[in-house]
Structure formats: C-alpha cells, structure tokens
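Here the protein sequences come in this chain order: A and B. Residue numbers for the first sequence follow this note's numbering, so the first one is 1033 and each next one is one higher. Residue numbers for the second sequence follow this note's numbering, so the first one is -7 and each next one is one higher. Here is the structure we will look at.
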Amino acid sequence: MIEALFNQTNYAATKKVLDAAMLRHEAIAANLANVETPGYKRVDIATSFSSELNQAIAAHEPSRINALRPSLELDSRAVAGTRDGNNISLETELLNLQQNTLTHTVGTQLLSGALLKLRLAITGRSS
Amino acid sequence: MLNCLNGITSTAAALNAERIRMDVIAENIANAHTTRSADGKPYQRQQVVFETVLQNQPGNITGTPVSSVQVARIEADKHPPILVHNPGHPDADAHGMVAMPNVNVHQEMADMLVASRAFEANLAVVRNARSMALQSLSIGKRS
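Structure below.
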C-alpha cells in the first residue's frame, strides 16, 4: 500500500532524472579530464534516453519509467575543433557541467517537496 | 568505499596529469639557457604525451565506458638546437657558434596557461560534484 505513494509518475521520473544527472556528471568529468588528449571523442548520455523518458511520462506508466536505464554513448554531433582529432570544447563542456548541476538541484528540490507534502499530509503540521 | 563524488577518479587523474605537465614546463623554462646537460649536449625541450585510460565499469551501467587520462610518456622535442654566434662562450665551437636549447620561452608560457586553465576546469568539476552530493544528502530534509 505504501508503495503506491512512491510509485507516482512524477516521483519515478524525478528519480530517473537524478540518476541521469549523476551519470552525465561522470561523462562530463571524463570529457574535461581528456580535454588535452589527442584523438579523444566526447561521451554523453544516450540521446534516446530523454525521448524514452518523455514517452513514458506521457503514457503515465511508472513501471516503464523505472525500467529505463540511462547509458553513455559517443556524441556523434560533436565536431573536432583542432587537428589532433579531439572534439572537446572547454567552454561548452563547462556550460554542460553547470547545466547538469542545476538539473540535479531541480530534481532534489522536487523530491524534497514531494516528501515534505507527504509529511504534511501525515502529521498535519507544516514544519 | 562509498563513491559519493561521481567522476572523481577521472578528475583526480586529470589534475595529476596537468600537474606533471606543469612540472615539465617549469623544467623547460628553467633550462632555457642550459648549454651543457648531463650528456654534454645542450638541453633538449621535454614534452608530455597524454593518453586515455578506460576505467573499470560499474556492473549496472551499460554503453560507452567513461575514461580517465594519464601521462603516457615524456618525450624530447626533436627540433635541432638553436645556433647563436657568441665566440666568448665557453661552449662555443671553432666558428664561435653556441648550440642553445630548442626551448621557446613564449611557447612554454602559452602552454603553461593552457595547462592551468585545464586544471581549473577540473577543479570546477570537483566543486560541482561536491554540491550535487550535498544536495543529494539533503533530500527530504526540512528546509
């Protein structure tokens, strides 16, 4: 019975977004670590992940959301800016880093908000 | 060990590699005028070569693995020494030419800036990882 509380679409989707943010941070860390390595190719979250997540949210199927697994793939859209075959751009990567941290903040605040509302409903006290 | 800070292995390796690069640049600048090194020849400019290392992948994640970086080797620059006319120098040859190291101080300074920017970028990754970890720990706390 209590599972139903934690199995709503929004709750499951937020958890997946946090998972993806953590994995994406690892990808960005690897990209920035190799910013000077000749021939390194950029990795990022697979582009299919966000579309699959959106479809699952639209279909209101928490089980489908829970089954999603974010994975990393080589970024085919990145173009090499230098002659050594490395396609990392320091500026773009730092922007991605900040954007990803903000996404993670939004996710944690949404989860905290959901849990606080649940607590309010149980106890009747707002603090 | 509990892995709280995601990507910390890649970042630590990168900070280490950039540090080695800075050391090599410092060595080059320090020896920019060394006409006689241990083997009796003028000092040769050293340069680091970076390479990608694949990390052990956690079992629950599929797809392209994340990678880290390391210094593959430190190589001598193949450029010939720069000949300068200075007959009074103790290391001058019969024509009064002195073989100076193939170090260009301006190039070394530019390389040093690049290395220090890359270092800062990796520090930003650690800062963000830390703030994300702290936020994850505060999920569900009353604000």
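Every residue, glycine too, gets a C-beta built ideally from N, C-alpha and C.
Along the alpha helix (DSSP H) that carries residue i, what are the first and last residues, could you check?
{"i": "I131(B)", "result": "Run containing I131(B): none; DSSP gives neither H nor E here."}
{"i": "Q1130(A)", "result": "L1122 to T1155"}
{"i": "Q1087(A)", "result": "T1079 to A1090"}
{"i": "E19(B)", "result": "I0 to A22"}
{"i": "D83(B)", "result": "No alpha helix (DSSP H) contains D83(B), which DSSP labels as neither H nor E."}
{"i": "R1096(A)", "result": "P1094 to A1099"}
{"i": "N1118(A)", "result": "Where N1118(A) is concerned, there is no enclosing alpha helix (DSSP H), given that its DSSP letter is neither H nor E."}
{"i": "N1161(A)", "result": "Shown here, chain A extends from 1033 to 1159; a query on residue 1161(A) therefore has no answer."}
{"i": "E1035(A)", "result": "I1034 to L1037"}
Less than 8 angstroms between the CB atoms is what I'm expecting for residue i and residue j, so what's the real figure, rounded?
{"i": "A1053(A)", "j": "G1117(A)", "result": "29 angstroms between Cβ atoms; not a contact."}
{"i": "P93(B)", "j": "A6(B)", "result": "Contact doesn't hold; Cβ gap of about 29 angstroms is too wide."}
{"i": "D83(B)", "j": "R28(B)", "result": "6 angstroms"}
{"i": "I1060(A)", "j": "E1125(A)", "result": "6 angstroms"}
{"i": "L46(B)", "j": "A125(B)", "result": "Actually they do not touch by this definition, with Cβ atoms about 24 angstroms apart."}
{"i": "K133(B)", "j": "S1080(A)", "result": "34 angstroms between Cβ atoms; not a contact."}
{"i": "A91(B)", "j": "L75(B)", "result": "6 angstroms"}
{"i": "T1137(A)", "j": "Q39(B)", "result": "Incorrect: roughly 41 angstroms between the Cβ atoms, too far for contact."}
{"i": "T1114(A)", "j": "E43(B)", "result": "At roughly 17 angstroms, the Cβ-Cβ gap does not stay under 8 angstroms, so T1114(A) and E43(B) are not in contact."}
{"i": "L1129(A)", "j": "A116(B)", "result": "6 angstroms"}
Could you tell me if residue i is buried or exposed, where buried requires 16 or more neighbouring beta carbons within 10 angstroms of its beta carbon?
{"i": "S60(B)", "result": "buried"}
{"i": "E10(B)", "result": "buried"}
{"i": "T3(B)", "result": "buried"}
{"i": "V41(B)", "result": "exposed"}
{"i": "M101(B)", "result": "exposed"}
{"i": "P34(B)", "result": "buried"}
{"i": "E1058(A)", "result": "buried"}
{"i": "E112(B)", "result": "exposed"}
{"i": "L1037(A)", "result": "exposed"}
{"i": "G(-1)(B)", "result": "buried"}
{"i": "A1090(A)", "result": "exposed"}
{"i": "N1042(A)", "result": "exposed"}
{"i": "R149(B)", "result": "No answer is possible for residue 149(B): the residues shown for chain B start at -7 and end at 135."}
{"i": "V1111(A)", "result": "exposed"}
{"i": "P1102(A)", "result": "buried"}
{"i": "N1039(A)", "result": "exposed"}
{"i": "A1078(A)", "result": "buried"}
What residue does the beta strand (DSSP E) around residue i start on, and which one ends it?
{"i": "A68(B)", "result": "S59 to A68"}
{"i": "E1105(A)", "result": "L1104 to L1106"}
Going by the DSSP bridge assignment, what does residue i pair with across the sheet?
{"i": "M101(B)", "result": "Partner(s): none; M101(B) has no beta bridge."}
{"i": "F42(B)", "result": "V63(B)"}
{"i": "H77(B)", "result": "M89(B)"}
{"i": "V1075(A)", "result": "L1106(A)"}
Examine chain E for any beta-carbon lying closer than 9 angstroms to the beta-carbon of residue i, and answer yes or no.
{"i": "S1144(A)", "result": "The displayed structure is made up of protein chains A and B, and chain E is not among them."}
The segment 1042 to 1051 of chain A in contact with the segment 1083 to 1099 of chain A per 3-pair CB rule at 8 angstroms: yes
Sufficient close CB pairs (3 or more, under 8 angstroms) joining the segment 1070 to 1087 of chain A to the segment 1103 to 1121 of chain A: yes
Given 8 angstroms, three or more beta-carbon pairs between the segment 1082 to 1094 of chain A and the segment 1118 to 1135 of chain A: no
Given 8 angstroms, three or more beta-carbon pairs between the segment 89 to 103 of chain B and the segment 1149 to 1158 of chain A: no
At least three beta-carbon pairs within less than 8 angstroms, the segment 115 to 128 of chain B to the segment 1125 to 1133 of chain A: yes
Meets three-Cβ-pair contact criterion under 8 angstroms: the segment 14 to 22 of chain B and the segment 104 to 116 of chain B: yes
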